[in-house]
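1 is the number of the first residue of the sequence shown in the numbering used here; add one for each residue after it. Even for Gly, the Cβ is constructed at its ideal location relative to N, Cα and C. Nothing here was measured: the structure is a model prediction, and the numbers come from that model. Note sheet for the following structure.
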Amino acid sequence: ALDPARNQYHSTAILQAMQPLVRKPGTHLLAVTPVDLYVPILTFVFGEAQLSGPCALVSTHRLREEFYGLPPREPLFNDRLVKEAVHELGHTFGLRHCPDWRCAMASTHSVERLDLKAARFCERCWQIVRKP
1 ALDPARNQYH
11 STAILQAMQP
21 LVRKPGTHLL
31 AVTPVDLYVP
41 ILTFVFGEAQ
51 LSGPCALVST
61 HRLREEFYGL
71 PPREPLFNDR
81 LVKEAVHELG
91 HTFGLRHCPD
101 WRCAMASTHS
111 VERLDLKAAR
121 FCERCWQIVR
131 KP
């Protein structure tokens, strides 16, 4: 999964490698990694998931303040990690990106935007997840 030219890991390849670890139907698997992730069309991703599939992946690499040359802020890091985990797991439950910037399912490409959203679904996304 490592692309030496980018010094990043292709997140889709990691998700594919996770697939055999899921043995029971209805199981959702979240992996958290310290490595920097990418998909070919983007410079980086905070995470990736299989839409309506079992596997999700989150990178801590760009969630830490230290990445941006700032002092560590563990509570902020933990908050970002939870938001990304909820977001990626939401995809495994069939949720797509949400236009509500406060919703956990809002698409974010910067930590500044990530910090603005909540670690929970908006009412619309929650209703989709709750449907049998």
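Checklist line | Rounded straight-line distance, which links the Cα of Phe44 to that of Gln19 | finding: 22 Å
Check: If you check the beta carbons only, do Ala56 and Leu95 fall under 9 Å apart?
Finding: no
Next item on the list: May I ask you to report which of helix, strand or coil DSSP gives Thr33?
Entry: strand
Next item on the list: Note down the Cα distance separating Glu84 from Arg6, rounded to an integer number of angstroms.
Entry: 23 Å
Next item on the list: Output the distance between the C-alpha atoms of Phe46 and Leu63, rounded to the nearest integer angstrom.
Entry: 8 Å
Next item on the list: For Asp36, collect the residues of the same chain with a Cβ closer than 8 Å to its Cβ; drop the 5 residues on either side in sequence, then sort them by chain order.
Entry: Asn7, Gln8, Tyr9, Phe44, Ser59, His61 and Arg62
Item checked: With 16 other Cβ atoms within 10 Å as the buried cut-off, status of Lys131 -> exposed
Check: DSSP state of Asp100, grouped into three classes?
Finding: coil
Notebook entry, point to check: Any idea if Ala13 is buried or exposed, counting beta-carbon neighbours within 10 angstroms, 16 or more meaning buried?
Noted result: exposed
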